[in-house]
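Read through the structure below, which is laid out as structure tokens, and then see the notes.
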Amino acid sequence: MTTEKCQCGEHESQQNCASCRSEEIFAYWCKSCNRSVPDKRCPYCGLKAQKKKV
């Protein structure tokens, strides 16, 4: 993950969104879209995603 902040607003409390809280909502990662996705197949590009390692 990168240390860049999202565009959700002020980041004083770091509680604005899952990315700011360093949490990931979904269990899979799409390398081509570079984002977290809910299923084995990315809904954005249609390619296979990999299960995240804990």
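Numbers given in my numbering equal positions in the sequence shown, counted from 1, plus 1.
Beta carbons are placed, not taken as given, at the ideal position from N, Cα and C, and that holds for glycine.
Asked: Are there 16 or more other CB atoms within 10 angstroms of the CB of residue 38, so buried, or fewer, so exposed?; Found: buried
Asked: Whole angstroms is fine: what's the gap from residue 53's alpha carbon to residue 40's?; Found: 11 Å
Asked: Rounded to the nearest angstrom, what separates residue 46 and residue 55 at their Cα positions?; Found: 24 Å
Asked: Just curious, the beta strand (DSSP E) that residue 29 is in, first and last residue?; Found: 29 to 31
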